[in-house]
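Residue numbers (my numbering), protein chains in the order written: chain L, 25 to 219; chain G, 209 to 748. Backbone N, C-alpha and C fix where the C-beta goes; we use that ideal spot for every residue, glycine too. None of these values were measured; they are calculated from a predicted model. Reading through the structure tokens given below for one structure.
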Amino acid sequence: MKLDIILAGVGGQGILSIATVIGYAAVQSGLDLKQAETHGMSQRGGDVQSHLRISDHTIYSDLVPEGAADIILSVEPMESLRYIPYLSPQGWLVTNTTPFKNIPNYPELDKILKEVDKVPHHVAIDADGMAKDLKNSRGMNMVMAGAASLFMDIDFEKLKEGIRYSFGRKGKEIVDLNIATLEAGRKFAEENRSS
Amino acid sequence: MDNNTLLLLGDEAVAQGALDAGVSGFYAYPGTPSTEIMEYVQRSPQAAEKKIHRTWSANEKTAVEAALGMSYTGKRTMAMMKHVGLNVAADPFINSGITGANGGIIVTVADDPSMHSSQDEQDSRVLANFAMVPVLEPSNQQEAYQMCFTAFELSEKFQTPVMLRLTTRIAHSRSGVKRGAPLDENQLAMPEDKRQFVLLPAIARGRYKLLLEKQPSLEDEANNSPYNHYYEGSDTRMGIIASGIAYNYVMENFQDQPCPYPLLKLSQYPIPRKHIERMVNECDEVLVIEEGMPVVEEKLRGLLDRGPAVVKGRMTGELPRDGELNPRLVRKALGLEANPSTVAPEVIAPRPPALCPGCSHIDAYNAINEAIKAEYGDGHVFADIGCYTLGALPPFEAINSCVDMGASITMAKGAADAGLYPSAAVIGDSTFTHSGMTGLLDAVIENSNIVIFILDNSTTAMTGGQNSHANGRLLNICEGLGVDPKHIRSLMPKRNTHDQFVQMIKEELAYEGVSVIIPQRECVQTQLRRAKQKQSGGKQ
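Below, the structure written as structure tokens:
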């Protein structure tokens, strides 16, 4: 088993919270893990990515090779496209459709979503909207983790454990809310995957 | 993972490794990608319980010197910095090769090839070679941990500092690390030779000879190091030397079939001649793959490039001469077919980093632009290293230089000496106490006609909000260095103080001499963090 994920977003959007949940689930499943993160200057509103590699055998490179990613999980639509060279021909692009506009020349959203549509295997989801509907205003990341979980060879229960581990300090209510958010994201992907 | 295995960044593995290997003190100045070493130590209950030294230093030079002082007492110590930080610390680092160590001393340097967060991509192995100091270069997080034990042993056995060289992709990548049995700290034990650290010429000449005499033994260590491994291969048309994490990129490309070529995994220096000779004798060509500059390749090639084997690598175009490696580039160098991949669509716009919404630097640059750029045109503002360097980008385009820590003040002075008017400097509070104070003294001595802006956000912001030595001390420092108190001025940069700010700049531009203006407002990130901590009951 090997699972290569590119997590993408904008500095400050908190993609590492997704990595923590998936990483915890992987480790609890007895799998090996390497996770390369972006620190430093780009964290100030620049494009950021994390390479998350999970496998049942030795992982060498800290970076996912181009053409090898099983999933691009992006919390921002334009950022999902930036990493297309990493996506394997069978891989899934799972992206939030809510743009994060902190540059003056942000392209028209329609053009971006059209490009997302061209990717053979994709899920596009208004994760910000869904999180709001679930009354989990900070839950966008967990919607995305849930949607992408459909394409991971990892026990879904283990991901829920990852949420308990990540949010445990904040109390049962927050844990339950985020588990419900994760499930909603997954359900959306089941119903709206491109193929 | 069992209880003894931790999921750690490469940086954190180094911190935990040093803690378990009996370190007594860490000394560092924050710098990407090395910052997380000290941050981990500062969070560590183990470090707190043992009262391990873990306060930030003013700069990398003071860090290495303090570490050398701790080594003098026989205790184990580590100094940490980014690659350009080693330039600041070059004086004590190079000379520590000559004094040698008493207690084990590791200088951990995190290089940043591809300049993700840096102004250059220099390779610290070059400076280690210059200082004739051995280097350990981990290929994974487990080695990063383990090498702390090895480095302290080496350091004490040969009375030499040891460099631990990381690069961005190992420093900032997380993986499982299995801990070993922790060692006790060393007892206080002064050097046997009380003149070991006295580099008077007569003594230094003797110490230097000792350093030279150590070299063959250090090479023996590298020849026999478990971190340097020669893997046999049947296809001897090519041999591969892969250093540090470059080894991973080679192996990534041989997942499905074993590597057919002889392969030297290189992680300990000086360069192990025994393995190199064997490879050159066995193989027609040698491909050298290194993260960073072609350090090994250049040595192998020699000036005349007439060795018995053809040497290939970054200098012959098999790999790019600059920038960091990745699996694709290494795959190409190995002569393997590229993985199928799609080109990214053209619609994507670049997203450079930017000042955070609400950042005090925004107000500072709005005022500086109005008072200087609008009045006198572009080209009058020398800046420095920190978040405010982003003022070079639109919409501000407010600054004209960023060279090294502290260079804003001294470059402004030099330009003023040459007749540039106005000549202004922009520097952050932490950068000012790192390397700006001495330059200010130069300016005061000559009463140079410059205006210096010390943008005080009360933290070392770019690296994530570490404590700033300047906190609450800036006014006193400037006055103590001799700036006329009438021309040390401060205000809170906000939208509603803009006009006052512009007026203040104009007044100081009219003054012929050194003016210091200190816009003071806390970084929005640290402010937010404090608010969150308060909310969660003061705990983190």
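To the nearest angstrom, report how far apart residue i and residue j are at their CA atoms.
{"i": "D586(G)", "j": "I713(G)", "result": "16 Å"}
{"i": "T240(G)", "j": "E393(G)", "result": "29 Å"}
{"i": "S451(G)", "j": "P346(G)", "result": "9 Å"}
{"i": "V652(G)", "j": "A620(G)", "result": "13 Å"}
{"i": "K58(L)", "j": "G525(G)", "result": "30 Å"}
{"i": "I78(L)", "j": "D179(L)", "result": "13 Å"}
{"i": "Q748(G)", "j": "T270(G)", "result": "In this prediction, Q748(G) scores a pLDDT of 39, lower than 50, which makes its location untrustworthy; the coordinate-derived value is nonetheless stated afterwards. C-alpha separation (whole angstroms): 29 Å."}
{"i": "G746(G)", "j": "Q735(G)", "result": "Interpretation of G746(G) is limited by its pLDDT of 46, a score under 50 that renders its predicted location unreliable; the figure taken from the coordinates is listed afterwards. So the alpha carbons of these two residues sit roughly 14 Å apart."}
{"i": "T205(L)", "j": "N126(L)", "result": "26 Å"}
{"i": "S232(G)", "j": "T671(G)", "result": "25 Å"}
{"i": "A517(G)", "j": "P535(G)", "result": "25 Å"}
{"i": "L55(L)", "j": "R382(G)", "result": "14 Å"}
{"i": "N675(G)", "j": "L544(G)", "result": "49 Å"}
{"i": "G277(G)", "j": "D150(L)", "result": "58 Å"}
{"i": "I46(L)", "j": "V589(G)", "result": "47 Å"}
{"i": "E716(G)", "j": "A579(G)", "result": "11 Å"}
{"i": "G690(G)", "j": "D625(G)", "result": "19 Å"}
Residue i lies in the beta strand (DSSP E); which residues open and close that run?
{"i": "T119(L)", "result": "L111 to N120"}
{"i": "I617(G)", "result": "From DSSP, I617(G) is part of no beta strand (DSSP E) but of the alpha helix (DSSP H) over A615 to D625."}
{"i": "S79(L)", "result": "D71 to S79"}
{"i": "D157(L)", "result": "Counting along the chain, D157(L) falls outside any beta strand (DSSP E), though it belongs to the alpha helix (DSSP H) covering A151 to D157."}
{"i": "A60(L)", "result": "D56 to A60"}
{"i": "K386(G)", "result": "S381 to K386"}
Around the Cβ of residue i, are there at least 16 other Cβ atoms within 10 angstroms (buried) or fewer (exposed)?
{"i": "L111(L)", "result": "buried"}
{"i": "F661(G)", "result": "buried"}
{"i": "V555(G)", "result": "exposed"}
{"i": "A120(L)", "result": "In the sequence on display, residue 120(L) carries Asn and not Ala. When all chains shown are included, N120(L) counts as buried."}
{"i": "E215(L)", "result": "exposed"}
{"i": "Y719(G)", "result": "exposed"}
{"i": "F604(G)", "result": "buried"}
{"i": "Y438(G)", "result": "buried"}
{"i": "E329(G)", "result": "buried"}
{"i": "T82(L)", "result": "exposed"}
{"i": "K473(G)", "result": "buried"}
{"i": "P602(G)", "result": "exposed"}
{"i": "R162(L)", "result": "exposed"}
{"i": "G225(G)", "result": "buried"}
{"i": "L396(G)", "result": "exposed"}
{"i": "V157(G)", "result": "Nothing can be reported for residue 157(G): it is not among the residues displayed for chain G, which extend from 209 to 748."}
{"i": "T316(G)", "result": "buried"}
{"i": "T597(G)", "result": "buried"}
{"i": "A582(G)", "result": "exposed"}
What does residue i reach in chain L if we use C-beta pairs closer than 9 Å?
{"i": "T550(G)", "result": "G91, I108, P109, L111, P113 and V143"}
Consider the Cβ of residue i: report whether some Cβ of chain C lies at a distance smaller than 7 Å.
{"i": "V555(G)", "result": "Protein chains in the displayed structure are L and G, and chain C is not among them."}
So which residues of chain L does residue i contact, with C-beta pairs closer than 7 Å?
{"i": "Y457(G)", "result": "S85"}
{"i": "L471(G)", "result": "Going along chain L, no residue has its Cβ under 7 Å from L471(G), so there is no contact; the nearest lies around 13 Å."}
Which chain G residues sit within Cβ distance under 8 Å of residue i?
{"i": "P131(L)", "result": "V555, I556 and A557"}
{"i": "L105(L)", "result": "A552, P553, V555 and I556"}
{"i": "L57(L)", "result": "L215, R382, S383 and G384"}
What residue from the options has the CA that sits closest to residue i's CA?
{"i": "P399(G)", "options": "T316(G), T444(G), G311(G) and L420(G)", "result": "G311(G)"}
{"i": "A32(L)", "options": "I108(L), L133(L), L174(L) and G153(L)", "result": "I108(L)"}
{"i": "E100(L)", "options": "P131(L), L76(L) and A92(L)", "result": "P131(L)"}
{"i": "S74(L)", "options": "R217(L), T205(L) and A43(L)", "result": "A43(L)"}
{"i": "S631(G)", "options": "T597(G), A591(G) and T376(G)", "result": "A591(G)"}
{"i": "V343(G)", "options": "I313(G), A678(G), T646(G) and Q395(G)", "result": "I313(G)"}
{"i": "I685(G)", "options": "I658(G), E654(G), P701(G) and F640(G)", "result": "F640(G)"}
{"i": "Q404(G)", "options": "N303(G), I449(G) and G515(G)", "result": "N303(G)"}
{"i": "A49(L)", "options": "E61(L), S66(L) and L76(L)", "result": "L76(L)"}
{"i": "N129(L)", "options": "F338(G), P560(G) and A430(G)", "result": "P560(G)"}
{"i": "H569(G)", "options": "P701(G), E583(G), A546(G) and R415(G)", "result": "P701(G)"}
List, in chain order, every chain G residue whose beta-carbon is nearer than 7 Å to that of residue i.
{"i": "D71(L)", "result": "R559"}
Whose Cβ in chain L lies nearer than 8 Å to the Cβ of residue i?
{"i": "P241(G)", "result": "H63 and G64"}
{"i": "R377(G)", "result": "A60, D86 and L87"}
So residue i is in the alpha helix (DSSP H); what residue range does that whole segment cover?
{"i": "V167(L)", "result": "M164 to S173"}
{"i": "P101(L)", "result": "P101 to R106"}
{"i": "Y749(G)", "result": "Nothing about residue 749(G) can be reported from this structure: the residues present for chain G run from 209 to 748 only."}
{"i": "P409(G)", "result": "P409 to N431"}
Run through chain G and tell me which residues come within less than 9 Å of residue i, C-beta to C-beta.
{"i": "N120(L)", "result": "None at all; the shortest Cβ gap to chain G is about 15 Å."}
{"i": "I127(L)", "result": "A557, P558, R559, P560 and A562"}
{"i": "M102(L)", "result": "V555, I556, A557 and R559"}
{"i": "I136(L)", "result": "P553, V555 and I556"}
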